[in-house]
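Novice: Sending over a structure as structure tokens; questions will come in a sec.
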Amino acid sequence: MNTRYARLIKNVASSRMLNSIAKQLLPAHVTIFMLHRLEVPEAGVNGLSPVHLERCLNYLCENNYRFISLEEAVQRTLNGTLEREKWVAFSLDDGFAEQVTLAGNIFSKFDCPATCFLITGFIDGNLWQWEHQLNFLLKNTTATSVTVKFASAEQTFNLQIPKAHRPVIAAIRKHGANNAYQIVEQISQELQIRIPSAPPLDERPATWDEIRTMEERGMQFAPHTVTHRIVSGLSDDEQSHEIAESFKRVKQECKQPSNIFCYPSGQADQYDERMFNKLRDAGVSAAFSALPGYLNGPQIASDPNYRYAIPRMTMPDNFDELVRYVSWAQYLYEKFKGNNKRSQSYGAY
Ligand SMILES: [Zn+2]
Numbered sequence: 003m004n005t006r007y008a009r010l011i012k013n014v015a016s017s018r019m020l021n022s023i024a025k026q027l028l029p030a031h032v033t034i035f036m037l038h039r040l041e042v043p044e045a046g047v048n049g050l051s052p053v054h055l056e057r058c059l060n061y062l063c064e065n066n067y068r069f070i071s072l073e074e075a076v077q078r079t080l081n082g083t084l085e086r087e088k089w090v091a092f093s094l095d096d097g098f099a100e101q102v103t104l105a106g107n108i109f110s111k112f113d114c115p116a117t118c119f120l121i122t123g124f125i126d127g128n129l130w131q132w133e134h135q136l137n138f139l140l141k142n143t144t145a146t147s148v149t150v151k152f153a154s155a156e157q158t159f160n161l162q163i164p165k166a167h168r169p170v171i172a173a174i175r176k177h178g179a180n181n182a183y184q185i186v187e188q189i190s191q192e193l194q195i196r197i198p199s200a201p202p203l204d205e206r207p208a209t210w211d212e213i214r215t216m217e218e219r220g221m222q223f224a225p226h227t228v229t230h231r232i233v234s235g236l237s238d239d240e241q242s243h244e245i246a247e248s249f250k251r252v253k254q255e256c257k258q259p260s261n262i263f264c265y266p267s268g269q270a271d272q273y274d275e276r277m278f279n280k281l282r283d284a285g286v287s288a289a290f291s292a293l294p295g296y297l298n299g300p301q302i303a304s305d306p307n308y309r310y311a312i313p314r315m316t317m318p319d320n321f322d323e324l325v326r327y328v329s330w331a332q333y334l335y336e337k338f339k340g341n342n343k344r345s346q347s348y349g350a351y
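Just so we're aligned: 210 in my numbering is position 208 of the sequence shown, and the numbers increase by one with no gaps anywhere.
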């Protein structure tokens, strides 16, 4: 968004009169934030500052925003009991240790029922994400290029550019989703660097014990697949397995897992209608994407697929941006932008 729009939204959203009119007129909606890593300097983890997260939660409390879990937001939106309040929900993807322990403690301090989506194979210690394995390889190589073999073609990537891992990850997501782990293994052989079986310290997953402890303190948990492969590139059987097995593990280990799901990466071409149907058949209430937008009451009622690709906002590391994202003016902006985008890319979606 350009700064002119950002300033305009900030200004109109701070008007008390417009705020009260907006509350009367706008449909009930929820701002759902999506977080990834939290900063833990002693473990070498880069991410959102815990101090910033606390400041944001403080602001939301002091300004009468109401926290809601993702599952409750979906249920209340579906059964029409979501009041026109200033709702905010938080989610964290993957299940890294600090997301559960550090972030979990901060959310618990504010009585905020955040939801953590777990890659169950990662928590079980059977794998660490292929994207992170690839980062590990590229961080530790002196090679200037690497050739990746996809089923249909080979592609050579220049490793001398900044953030060289990004185009490689994007290509694997697009052309090799089902073989992501084998492709990374092939890259490891080409670069002659062995991938450790366990992740490095800064990539440690939460343990099921840590998850259960935080569940007692109000955090909620739901599956995020077994392997974190892009689901639109998987066969029907693989998609079904990712859903069934990840739900099975979360249900075995947690007391009250949420009946919701989250797609790896979550861009529009990274999940598909086959997933919507499988999730619906499995009785799953909703699934979350990484597209920007708000959980919108009227849309969930009118579009049967909307609840299987509910958008979320990336949690900003800038305080002013957070204030803007939770405002009704940004909601209107995203709605207008989203409607335009959807009509271009999905037609009658
Ligand atoms: Zn993820």
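Positions of the beta carbon are idealized from the N, C-alpha and C atoms, including for glycine.
(1) Give a yes or no on contact between the region 210-218 and the region 131-151, applying the rule of three or more CB pairs nearer than 8 Å.
(2) Can you check whether the CB of residue 53 is closer than 8 Å to the CB of residue 69?
(3) So is residue 142 buried or exposed if we call it buried at 16+ other beta carbons inside 10 Å?
(4) Could you give the first and the last residue of the continuous alpha helix (DSSP H) run that contains residue 75?
(5) Helix, strand or coil: how does DSSP classify residue 349 here?
(6) Evaluate residue 95 with the Cβ neighbour count: other Cβ atoms within 10 Å of its Cβ, from every protein chain shown; 16 or more gives buried, anything less gives exposed.
(7) How would you call residue 200, buried or exposed, if buried means at least 16 neighbouring beta carbons within 10 angstroms?
(8) Between the alpha carbons of residue 242 and residue 122, how many angstroms are there, rounded?
(9) Between which two residues does the alpha helix (DSSP H) containing residue 317 stretch?
(10) Got a sec, what are the start and stop residues for the alpha helix (DSSP H) residue 117 sits in?
(11) Entirely within the region 205-273 and at least 3 residues each: give me those beta strand (DSSP E) ranges in chain order.
(12) Could you please give the first and the last residue of the uninterrupted beta strand (DSSP E) stretch that includes residue 162?
(13) Since residue 111 is in the alpha helix (DSSP H), which residue starts that stretch and which ends it?
(14) Would you list the residues sitting across from residue 68 in a DSSP beta bridge?
(15) Here's the rule I'm using: 16 or more other beta-carbon atoms within 10 Å means buried, otherwise exposed. How should residue 321 be labelled?
(16) Going by the C-beta, is residue 177 closer than 7 Å to any heavy atom of ligand 1?
(17) How many Å lie between residue 34 and residue 297 at the Cα?
(18) Roughly how far, in whole angstroms, is the beta-carbon of residue 353 from the beta-carbon of residue 59, given that I think they are within contact range, below 8 Å?
(19) Would you be able to state if there are at least three C-beta pairs under 8 Å between the region 179-196 and the region 108-115?
(20) Is there at least one non-hydrogen atom of ligand 1 closer than 7 Å to the beta-carbon of residue 386?
(21) Distance, Cα to Cα, residue 192 vs residue 293?
(22) Between residue 251 and residue 13, what straight-line distance do the alpha-carbon atoms span, to the nearest angstrom?
(23) According to DSSP, what are the bridge partners of residue 30?
Specialist: Let me lay it out:
(1) no
(2) The sequence position of residue 69 within the sequence shown is 67, counting from 1. The sequence position of residue 53 within the sequence shown is 51, counting from 1. Cβ distance not < 8 Å, so residue 69 and residue 53 don't count as in contact.
(3) Mapped onto the sequence shown, residue 142 falls at position 140. Residue 142 comes out exposed.
(4) By one-based count along the sequence shown, residue 75 stands at place 73. Looking at the DSSP string, the run of the alpha helix (DSSP H) that includes residue 75 is 72-80.
(5) Counted from its first residue, the sequence shown places residue 349 at position 347. With a pLDDT of only 26 at residue 349, under the threshold of 50, the placement of this residue in the model should not be trusted, and no figure is reported.
(6) Counting from 1 along the sequence shown, the entry for residue 95 is found at position 93. Its Cβ being crowded by 16 or more others within 10 Å, residue 95 is buried.
(7) Looking up residue 200 in the sequence shown gives position 198. Looking at its Cβ environment, which holds fewer than 16 other Cβ atoms inside 10 Å, residue 200 is exposed.
(8) In the sequence shown, the residue the question calls residue 242 occupies position 240. In the sequence shown, the residue the question calls residue 122 occupies position 120. Roughly 15 Å between the two C-alpha positions.
(9) Counted from its first residue, the sequence shown places residue 317 at position 315. No alpha helix (DSSP H) holds residue 317; DSSP gives it neither H nor E.
(10) Counting from one through the sequence shown, the residue named residue 117 turns up at place 115. First-last for residue 117: 117-120, but that is the beta strand (DSSP E), not the alpha helix (DSSP H).
(11) 222-225 and 262-264
(12) As a working note, residue 162 is residue 160 in the sequence shown. Taken as a continuous stretch (DSSP letters only), residue 162 belongs to no beta strand (DSSP E), as it is neither H nor E.
(13) Residue numbering aside, residue 111 sits at position 109 when the sequence shown is read from its first letter. From DSSP, the alpha helix (DSSP H) with residue 111 extends over 104-111.
(14) Here residue 68 is taken as the residue at index 66 of the sequence shown, counted from 1. DSSP lists 89 as partners of residue 68.
(15) Taking the sequence shown and counting its residues from 1, the one referred to as residue 321 is at position 319. Exposed is the call here.
(16) Numbered from its first residue, the sequence shown carries residue 177 at position 175. Not so, every heavy atom of ligand 1 lies at least 7 Å from the Cβ.
(17) As a working note, residue 34 is residue 32 in the sequence shown. As a working note, residue 297 is residue 295 in the sequence shown. So the two alpha carbons sit approximately 7 Å from each other.
(18) With the chain running from 3 to 351 in the structure shown, residue 353 is simply not present.
(19) no
(20) Only positions 3 to 351 of the chain appear in this structure, which leaves residue 386 out of reach.
(21) Mapped onto the sequence shown, residue 192 falls at position 190. Mapped onto the sequence shown, residue 293 falls at position 291. Going by the C-alpha atoms only, they are around 35 Å apart.
(22) On the sequence shown, residue 251 is found 249 positions in, with the first residue counted as 1. On the sequence shown, residue 13 is found 11 positions in, with the first residue counted as 1. Each residue's Cα considered, the two are about 47 Å apart.
(23) Your numbering for residue 30 matches position 28 in the sequence shown. Partner(s): none; residue 30 has no beta bridge.
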